[in-house]
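Per the working numbering, the sequence shown starts with residue 7, numbered consecutively. C-beta atoms are modelled at their ideal positions from N, C-alpha and C, and glycine is treated no differently. First up is the structure itself, then whatever we jot down about it.
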Amino acid sequence: MKVNVVKVMPWHPNFVRLQWELAEVSESGTFNYSVERSGSPGGPWTELVSLLTALTYDDDLSTQEANTLSLARDIYYRIKATPPSGGVNAVYSPIINLDGLVEHEICDAEPGNPERPIPQNQSEPDPQRRTTAFPRTEGGRMRLLKRKILRDRYIMLSKLNGIQYYLLKKRHFGTRCTDCYDPNTRSISSSNCGTCYGTSWEGGYYSPVEVLGRRVASETDSKISPQSKDDVNFTEIELLDFPRVDHGDVLIERAHNIRWFVRKRKIVSLKTILVHQNLVVSELPRTAVEYKIAVSL
Ligand SMILES: [Zn+2]
């Protein structure tokens, strides 16, 4: 059994309509569904509803101070489907974001290529499943082309020049920080707060997401920061297109625990296919509150 999200549609500043479907069903009876939301594909996840029998759900974000038309942040969903035989056989859909992009399950294995055999515990990628990653109006040729480009990029990053990063997605909705947020002035009283790390949202960031990336600027650019008048290292880091990285997110170079603040995201597309994102980042000073975020490197 598989569950696929077929539509994620913001249709009002505070609503997102989700629609999903079951595939490869081998039981009969009543299936029920839970919908989970996060600001990051790495969670933590909030269960919005459970025991649904319908195949659609409208997520009301009005109590979350989250505007779906804002371009500054992304929202992720996943659906859990429970078959009549019960919770032990429940499955999750791939994670999908507001752009309709799903998590890639790119592996080194390639069907029909003896040099890259499919591992025994994996089955061939289901072409049906991947259709949710793209608008339905796009042709199959584009899908395959994108899949090939992503796969080549992934192999390049994993085999040749990629290094491991943790992505910390910054919170943009949820519960305001009770330690430093003043609802009257809508501002924080301390940028050094260990509860929200200067974001005004409790927890500050979501759980770390492992990503592969590479620096594309050969020499780091030293510029004078207008705030501190210190030298700041700027560089550019290339990542695959999912998960989306937004201004204010933090990238951690795992080998050296170097933390980068994401200033700008540039999309690189090839023949209108979104291929990867280049991020203009600046190195955070070791005294920055972002170094207080606990991450197991
Ligand atoms: Zn705080």
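Report yes if the C-beta distance between Ser213 and Gly204 is below 9 Å; otherwise report no.
Taking 9 Å as the Cβ cut-off, Ser213 and Gly204 do not qualify as a contacting pair.
Asn283 versus Asp65, Lys298 and Glu244, residue with shortest Cα-Cα distance:
Checking the sequence shown, residue 283 turns out to be Gln, not Asn. Of Asp65, Lys298 and Glu244, the residue nearest in Cα terms is Glu244.
Beta-carbon gap between Glu53 and Glu42 smaller than 9 Å
Less than 9 Å separates the beta-carbon of Glu53 from that of Glu42.
Between the Cα of Glu30 and those of Lys8, Pro19 and Thr293, spot the shortest distance and give me the residue it belongs to.
Nearest Cα to Glu30 within the set Lys8, Pro19 and Thr293: Lys8.
Residues with a Cβ closer than 5 Å to any heavy atom of ligand 1, in chain order?
This selection yields Cys183, Asp185, Cys186, Cys199, Thr201 and Cys202.
Could you tell me which uninterrupted alpha helix (DSSP H) segments, each at least 4 residues in length, are contained entirely in the stretch 49–98, listed from first to last along the chain?
At a cut-off of 4 residues, not a single continuous stretch assigned as alpha helix (DSSP H) sits fully inside the stretch 49–98.
I need the straight-line Cα distance from Cys186 to Ile169, nearest angstrom please.
Distance between the alpha carbons of Cys186 and Ile169 is about 36 Å.
Could you name the residues that DSSP lists as bridge partners for Asp105?
Its beta-bridge partners do not exist; DSSP assigns none.
Would you kindly report the start and end of the unbroken beta strand (DSSP E) that includes Ile258?
That run of the beta strand (DSSP E) goes Val256 to Glu259.
Throw me the rounded Cβ distance for the Tyr172 and Ile258 pair, which I believe falls under 8 Å.
Sure, about 4 Å apart at Cβ, within 8 Å.
Endpoints, the beta strand (DSSP E) within which Gly219 is located:
Taken as a continuous stretch (DSSP letters only), the beta strand (DSSP E) holding Gly219 covers Val215 to Arg221.
Going by beta carbon distance, what residues of the same chain come within less than 6 Å of Arg221, once the five residues before and after it are set aside?
Within its own chain, the residues whose Cβ lies closer than 6 Å to the Cβ of Arg221, once the five positions on either side in sequence are excluded, are Thr241 and Ile243, listed in chain order.
Tell me which same chain residues have a C-beta within less than 7 Å of the C-beta of Val55, skipping the five on either side of it?
Its chain contains Ser40, Val41 and Tyr63 as the residues whose beta carbon lies nearer than 7 Å to that of Val55, once the 5 sequence neighbours on both sides are disregarded; these appear in chain order.
Let me confirm a value: Glu296 is counted as buried when at least 16 other C-beta atoms fall within 10 Å, else exposed. Which label applies?
Classified as buried, Glu296 has 16 or more neighbouring CB atoms from the shown chains inside 10 Å of its CB.
Under the rule that 16 or more other beta-carbon atoms within 10 Å means buried, what is Leu150, buried or exposed?
When all chains shown are included, Leu150 counts as exposed.
Rounded C-alpha distance that separates Val11 from Gly200
Val11 and Gly200 have their C-alpha atoms roughly 37 Å apart.
Among Ala223, Arg182, Gly219 and Arg177, nearest to Tyr211 - alpha-carbon criterion:
The shortest Cα separation from Tyr211 among Ala223, Arg182, Gly219 and Arg177 belongs to Arg177.
Would you give the residue range spanned by the beta strand (DSSP E) that His18 belongs to?
Taken as a continuous stretch (DSSP letters only), the beta strand (DSSP E) holding His18 covers Lys8 to His18.
How many whole angstroms separate the CB atoms of Ile85 and Asn103, which I take to be in contact at a CB cut-off of 8 Å?
Taking C-beta atoms under 8 Å as the contact rule, Ile85 and Asn103 fail to qualify, at a distance of about 14 Å.
Hey, out of Arg292, Val268 and Val251, whose CA is closest to His262's CA?
Comparing Cα positions, the closest option is Arg292.
Among the candidates Leu303, Ala223, Arg23 and Phe21, whose CA atom is the shortest distance from the CA of Leu174?
Comparing Cα positions, the closest option is Leu303.
Give me the Cα-Cα distance between Asn190 and Asn167, rounded to the nearest whole angstrom.
When rounded, the distance between both Cα atoms is 49 Å.
Quick one: grab the DSSP three-state call for Asp158.
For Asp158, the three-state secondary structure derived from DSSP is helix.
Along the chain, where does the beta strand (DSSP E) that runs through Val292 open and close?
As written in the sequence, residue 292 is Arg, which differs from the Val given in the question. Where Arg292 is concerned, there is no enclosing beta strand (DSSP E), given that its DSSP letter is neither H nor E.
Based on the DSSP output, what are the partners of Tyr172 in its beta bridges?
Beta-bridge annotation (DSSP): Tyr172 is paired with Glu216 and Ile258.
Taking only the alpha-carbon atoms, compute the straight-line gap between Ile273 and Ile194 and give it to the nearest angstrom.
About 32 Å.
Find out if the Cβ-Cβ distance for the pair Val286, Val268 is shorter than 9 Å.
Cβ atoms of Val286 and Val268: closer than 9 Å.
Which of helix, strand or coil DSSP assigns to Ser197:
If DSSP states are grouped into helix, strand and coil, Ser197 belongs with coil.
Straight-line gap, Tyr256 to Leu28 (C-alpha atoms, nearest Å)
Note on residue identity: the sequence assigns Val, not Tyr, to residue 256. Each residue's alpha carbon lies about 36 Å from the other.
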